[in-house]
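Engineer: Structure in structure tokens, see below.
There are 4 protein chains.
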Amino acid sequence: MHKGRLEAFSDGVIAIIITIMVLELRVPHGDTWSDLLPLVPVFISYVLSFIYLGIYWNNHHHMLQRAHQVNGAVLWANLHLLFWLSLTPFVTAWMGENHFAPQPVLLYGIDLLMCAIAYGILAAILTRVEGKDSDFARALGSGVKETASGIAYFVAVAVALFAPWVSLAIYFGVALVWLIPDRRFERVVQ
Amino acid sequence: MHKGRLEAFSDGVIAIIITIMVLELRVPHGDTWSDLLPLVPVFISYVLSFIYLGIYWNNHHHMLQRAHQVNGAVLWANLHLLFWLSLTPFVTAWMGENHFAPQPVLLYGIDLLMCAIAYGILAAILTRVEGKDSDFARALGSGVKETASGIAYFVAVAVALFAPWVSLAIYFGVALVWLIPDRRFERVVQ
Amino acid sequence: MHKGRLEAFSDGVIAIIITIMVLELRVPHGDTWSDLLPLVPVFISYVLSFIYLGIYWNNHHHMLQRAHQVNGAVLWANLHLLFWLSLTPFVTAWMGENHFAPQPVLLYGIDLLMCAIAYGILAAILTRVEGKDSDFARALGSGVKETASGIAYFVAVAVALFAPWVSLAIYFGVALVWLIPDRRFERVVQ
Amino acid sequence: MHKGRLEAFSDGVIAIIITIMVLELRVPHGDTWSDLLPLVPVFISYVLSFIYLGIYWNNHHHMLQRAHQVNGAVLWANLHLLFWLSLTPFVTAWMGENHFAPQPVLLYGIDLLMCAIAYGILAAILTRVEGKDSDFARALGSGVKETASGIAYFVAVAVALFAPWVSLAIYFGVALVWLIPDRRFERVVQ
């Protein structure tokens, strides 16, 4: 089985998710800046989710590039990841339109957490296919950054009902950590 | 004629179908869990259709991979399959928004049945192109699983008006059978 | 300049057009067959446009396959074709939702006509690039079928305000002629 | 790292953006020409944005074709460009639905300006990766046309609140300059 079509399909789905999110930025009826004001939180949500989908596409790209073979389990683990990613437009819009109210912020975090878990499952299955001593496994590394992100999402979900702004800060913080490729960060954590 | 562009086009259409379905998960106006409650059946429909589209992409992927040549008839048989798949977002949303009422559940089953028939036609045309003694025909096998699924959809459609929950159980049951690759199952049925 | 990315981009756009049309099949609020009745003309429009987009993808596929090089003029002639194709969801929905009223039927025909003209321009530019004595020009042939289709669309547009059903019959008739690959038809016309 | 998947992902996103814009052409309820009249400015906006996205796809295609390697910075600079392009459907619809009112025209210009800046950043990063004396840098040239376009957008943004029609003329004018490949234009400016 070739991995090319798996990559192409994943690229297609992520490209569509990242683009249709903009349809939730509903065009206001008025023609002044004040008519755009209620859209500001929706826009901030959009930026956050755009960055996250970019990170997932980026990491997915790198991980698949080092894989040599895919089987049925990989296909389904990949679809499982795409499923949680596909819910991003919904949780993004719900959070943005409700101006970062506690429960929508919590649901957004649950989706991030599920995406992270699904990504971990995909990485684990690919590692089993490639072998524990393979180049793939070595390149994947210890997964410290991934585990730390998962814990951060978990904390964000836990505090969302009491301090949604803390959760939001965690979402943006984790995104920044992935955006800025900083090898020292990993060393410090280790 | 090369099959590459046929695969790419099919991947694109299936990727778009699987993703725009999420647009039917309309963002509620309120910001509490109770506002999400009416969406639960829509979400369950979404999960079911996501799995089915994943199965079709997966099987389409495998079938085309073994094919060597495509002609005009294959192109149109493929578009015919994509047509019924493209109606999935509509029947999914109608079924979900009406909380699995009998007639929407029946229509969903008709779409599943038409997809299965269209897939069978595509397989038959590819077999004629490749030859009855080809590797393609041998790899395709006897089609027991496909025929059994078609019969199951037919039964589900027949009972939908009286017992929609039975139909729904059949839809999920068949999806599970395809999700879990179990060679023994085929042997038992044979 | 390679034609691969031109094909991939065109495939992507046509795949998206053919798929987002289904979003115009608005899910009705009721859960009975009678609630679906008003959607029947929208569905018929959808089927017609699905076939036309399939024909364009098919023909585009064949034409580009025989081309060897693309330049800036080809890129823009191709985008010009994609522009008119991209209006299909709009004219399809307007025609379907108004139950084939004269003016929407006329506009649908204008879009078909513009697509045909844009396709002809693309073919002419590719012929100029490849050369009049090239294999490409020979494979393209005399364009009898294309010219006849264009004339048919023109007639359909001319009579739409008086006899929209005649126009609609022409739209379906031309689609059938392209669907059924009949070499004798071309000979008879010649 | 291969550039193939970067190109494919960018093609996918641009193809989706250029196509979902048509969803903002809301189908009117009436079935006469007068019902279409309010859509004329939305349609003009659509044409303008379709051309701009075509130009970006075209230029992106050419620039990436000459690049040999991509790294993390290129991936993110590319996503940054796609982000501003992805806002096109929103600013297009806001401008069209408000019949070219000053503030929507200004916002449209800001989006064009940000796209141009993002494209410039991508070009700069690719130049650094390839080297200042590379074929890539030579092919890219002095960027006179790009800089002139950026200045034009800036002027359009500055005058939009007082003379939105001047801004609009600039948007169309710059698009035409890019549509018509005129080598003498560059020489004259130099």
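Chains as they are written, first to last, in this note's numbering: chain A, 1494 to 1683; chain B, 1494 to 1683; chain C, 1494 to 1683; chain D, 1494 to 1683.
Where a beta carbon is used, it is the ideal one built from N, C-alpha and C, also for glycine.
Please report the residue range of the alpha helix (DSSP H) in which N1552 of chain D lies.
Structural biologist: Residue mapping note: residue 1552 of chain D aligns to position 59 of the fourth sequence, counting from 1. V1533 to R1559 is the span of the alpha helix (DSSP H), which, as asked, contains N1552 of chain D.
Engineer: Can the beta-carbon of M1588 of chain D be found less than 8 Å from the beta-carbon of P1597 of chain D?
Structural biologist: The residue labelled residue 1588 of chain D in the question sits at position 95 within the fourth sequence. The residue labelled residue 1597 of chain D in the question sits at position 104 within the fourth sequence. Going by C-beta atoms, M1588 of chain D is nearer than 8 Å to P1597 of chain D.
Engineer: If we cut at 8 Å on Cβ distances, does N1551 of chain B have a partner in chain A?
Structural biologist: In the second sequence, counting from the first residue as 1, residue 1551 of chain B sits at position 58. Chain A, which has a Cβ nearer than 8 Å to the Cβ of N1551 of chain B, makes this yes.
Engineer: Is the beta carbon of V1652 of chain C sitting closer than 8 Å to the one on S1642 of chain C?
Structural biologist: Taking the first residue of the third sequence as position 1, residue 1652 of chain C is located at position 159. Taking the first residue of the third sequence as position 1, residue 1642 of chain C is located at position 149. Not in contact: V1652 of chain C and S1642 of chain C (Cβ atoms no closer than 8 Å).
Engineer: Let me know if L1654 of chain B comes out buried or exposed under the rule of 16 or more other beta-carbons within 10 Å of its beta-carbon.
Structural biologist: Locating residue 1654 of chain B in the second sequence gives position 161, where the first residue counts as 1. Looking at its Cβ environment, which holds fewer than 16 other Cβ atoms inside 10 Å, L1654 of chain B is exposed.
Engineer: So with CB distances below 8 Å, who are the chain C contacts of A1501 of chain D?
Structural biologist: Counting from one through the fourth sequence, the residue named residue 1501 of chain D turns up at place 8. Per Cβ cutoff of 8 Å: A1501.
Engineer: Say whether the region 1580-1595 of chain C touches the region 1515-1533 of chain D, bearing in mind that this needs 3 or more beta-carbon pairs closer than 8 Å, one atom from each stretch.
Structural biologist: Result yes; three or more Cβ-Cβ pairs closer than 8 Å.
Engineer: Starting from H1554 of chain B, find everything on chain A with Cβ-Cβ shorter than 7 Å and list it in chain order.
Structural biologist: The residue given as residue 1554 of chain B occupies position 61 in the second sequence. R1498, listed in chain order.
Engineer: One question on the structure: do L1568 of chain C and V1506 of chain C come within less than 8 Å of each other, judged by their Cβ atoms?
Structural biologist: By 1-based counting over the third sequence, the position of residue 1568 of chain C is 75. By 1-based counting over the third sequence, the position of residue 1506 of chain C is 13. No. Outside cutoff.
Engineer: Taking the beta carbon of V1682 of chain C as the centre, do at least 16 other beta carbons fall within 10 Å, making it buried, or is it exposed?
Structural biologist: Within the third sequence, numbered from 1, the residue matching residue 1682 of chain C stands at position 189. Only weak support is given to the placement of V1682 of chain C: the predicted model assigns it a pLDDT of 49, under 50, and the value that follows is read from those uncertain coordinates. The residue is exposed, with fewer than 16 neighbouring Cβ atoms inside 10 Å.
Engineer: Sort C:I1644, C:H1592, C:V1540 and C:D1504 by Cα distance to L1572 of chain C and report the nearest one.
Structural biologist: Reading the third sequence from its first residue, position 79 is the one you call residue 1572 of chain C. Nearest of C:I1644, C:H1592, C:V1540 and C:D1504 to L1572 of chain C, Cα basis: C:D1504.
Engineer: Are the CB atoms of A1611 of chain D and L1633 of chain D nearer to each other than 8 Å?
Structural biologist: One-based indexing of the fourth sequence puts residue 1611 of chain D at position 118. One-based indexing of the fourth sequence puts residue 1633 of chain D at position 140. It is not a contact, given that the beta carbons lie outside the stated cut-off.
Engineer: Counting only Cβ pairs nearer than 7 Å, list the residues of chain A close to F1543 of chain B.
Structural biologist: Taking the first residue of the second sequence as position 1, residue 1543 of chain B is located at position 50. Going along chain A in sequence order, the residues near F1543 of chain B (Cβ under 7 Å) are F1576.
Engineer: Where does Q1596 of chain A sit, in a helix, a strand or coil, going by DSSP?
Structural biologist: Taking the first sequence and counting its residues from 1, the one referred to as residue 1596 of chain A is at position 103. Reduced to three states, the DSSP call for Q1596 of chain A is helix.
Engineer: Roughly how many angstroms lie between the CA atoms of W1671 of chain B and H1592 of chain B, to the nearest whole one?
Structural biologist: Reading the second sequence from its first residue, position 178 is the one you call residue 1671 of chain B. Reading the second sequence from its first residue, position 99 is the one you call residue 1592 of chain B. Using only the alpha carbons, I get a separation of about 25 Å.
Engineer: Do the region 1550-1566 of chain A and the region 1619-1627 of chain A touch if we need at least three Cβ pairs shorter than 8 Å?
Structural biologist: Because the criterion of three Cβ pairs below 8 Å is met, the region 1550-1566 of chain A and the region 1619-1627 of chain A touch.
Engineer: With DSSP as the reference, label T1512 of chain C as helix, strand or coil.
Structural biologist: Within the third sequence, numbered from 1, the residue matching residue 1512 of chain C stands at position 19. Note: T1512 of chain C maps to helix in three-state DSSP.
Engineer: Give me the chain A residues within the contact set of V1515 of chain B, using Cβ-Cβ distance strictly less than 7 Å, ordered along the chain.
Structural biologist: Start at 1 with the first residue of the second sequence, and residue 1515 of chain B comes out as number 22. Neighbours of V1515 of chain B on chain A, chain order: S1579, L1580, P1582 and F1583.
Engineer: By a C-beta neighbour count over all protein chains shown, 10 Å radius and 16 as the cutoff for buried, is T1525 of chain B buried or exposed?
Structural biologist: Start at 1 with the first residue of the second sequence, and residue 1525 of chain B comes out as number 32. T1525 of chain B should be labelled exposed.
Engineer: Identify which residue in C:A1649, C:A1501, C:L1532 and C:L1529 has its Cα closest to the Cα of L1605 of chain C.
Structural biologist: Locating residue 1605 of chain C in the third sequence gives position 112, where the first residue counts as 1. Measuring from the Cα of L1605 of chain C, the nearest candidate turns out to be C:A1649.
Engineer: Which word fits W1577 of chain A, buried or exposed, when buried means at least 16 other C-beta atoms lie within 10 angstroms of its C-beta?
Structural biologist: Start at 1 with the first residue of the first sequence, and residue 1577 of chain A comes out as number 84. It is buried - the Cβ of W1577 of chain A has at least 16 other Cβ atoms within 10 Å.
Engineer: Between B:F1647, B:S1627, B:F1629 and B:V1535, which lies nearest to A1594 of chain B when the distance is taken from Cα to Cα?
Structural biologist: Counting from one through the second sequence, the residue named residue 1594 of chain B turns up at place 101. It is B:V1535 whose Cα lies nearest to the Cα of A1594 of chain B.
Engineer: Taking the alpha helix (DSSP H) that R1519 of chain A belongs to, which residues open and close that run?
Structural biologist: Sequence index remark: in the first sequence, residue 1519 of chain A carries index 26 (1-based). Counting along the chain, R1519 of chain A falls outside any alpha helix (DSSP H), and DSSP gives it neither H nor E.
Engineer: Cβ of P1597 of chain D less than 8 Å from any chain A Cβ?
Structural biologist: Here residue 1597 of chain D refers to the residue found at position 104 when the fourth sequence is read from its first residue. Interface residue, yes.
Engineer: Alpha carbon to alpha carbon, how far is I1548 of chain B from T1640 of chain A? Give it in angstroms, no decimals.
Structural biologist: Working through the first sequence from its first residue, we reach residue 1640 of chain A at position 147. Working through the second sequence from its first residue, we reach residue 1548 of chain B at position 55. Each residue's alpha carbon lies about 31 Å from the other.
Engineer: For the alpha helix (DSSP H) containing N1571 of chain D, name the first residue and the last one.
Structural biologist: Stepping through the fourth sequence from its first residue, residue 1571 of chain D is reached at position 78. Element bounds for N1571 of chain D: G1565 to S1579.
Engineer: Please classify L1532 of chain C as buried or exposed, where buried requires at least 16 other C-beta atoms within 10 Å of its C-beta.
Structural biologist: Position 39 of the third sequence, counted from the start, is the residue given in the question as residue 1532 of chain C. Buried, since its Cβ has 16 or more Cβ neighbours within 10 Å.
Engineer: Relative to chain C, which residues along the region 1598-1628 of chain D have a C-beta separation below 9 Å, given in chain order?
Structural biologist: The residues in question: there are none.
Engineer: Just how far apart, CA to CA, sit F1629 of chain C and K1496 of chain C?
Structural biologist: Start at 1 with the first residue of the third sequence, and residue 1629 of chain C comes out as number 136. Start at 1 with the first residue of the third sequence, and residue 1496 of chain C comes out as number 3. So the two alpha carbons sit approximately 14 Å from each other.
Engineer: Under 8 Å by Cβ, that's how I've got L1541 of chain C and F1665 of chain C pegged, so tell me the actual separation to the nearest angstrom.
Structural biologist: On the third sequence, position 48 is the one that residue 1541 of chain C refers to. On the third sequence, position 172 is the one that residue 1665 of chain C refers to. Between F1665 of chain C and L1541 of chain C the Cβ distance is about 6 Å, and since that is below 8 Å, they are a contact.
Engineer: Enumerate in chain order the residues of its own chain whose CB-to-CB distance from G1624 of chain B is below 8 Å, with the five nearest sequence positions on each side excluded.
Structural biologist: Your numbering for residue 1624 of chain B matches position 131 in the second sequence. Answer for G1624 of chain B: A1630, listed in chain order.
Engineer: Could you please give the first and the last residue of the uninterrupted alpha helix (DSSP H) stretch that includes S1627 of chain B?
Structural biologist: Reading the second sequence from its first residue, position 134 is the one you call residue 1627 of chain B. Looking at the DSSP string, S1627 of chain B is not in any alpha helix (DSSP H), and its letter there is neither H nor E.
Engineer: Between which two residues does the alpha helix (DSSP H) holding S1527 of chain B run?
Structural biologist: Position 34 of the second sequence, counted from the start, is the residue given in the question as residue 1527 of chain B. From DSSP, the alpha helix (DSSP H) with S1527 of chain B extends over W1526 to L1529.
Engineer: Which residues in chain C sit within 8 Å of G1634 of chain D, going by Cβ to Cβ distance?
Structural biologist: On the fourth sequence, position 141 is the one that residue 1634 of chain D refers to. None at all; the shortest Cβ gap to chain C is about 16 Å.
Engineer: Considering S1660 of chain C, what are the terminal residues of the alpha helix (DSSP H) in which it resides?
Structural biologist: Position 167 of the third sequence holds residue 1660 of chain C. Counting along the chain, the alpha helix (DSSP H) containing S1660 of chain C begins and ends at P1657 to L1672.
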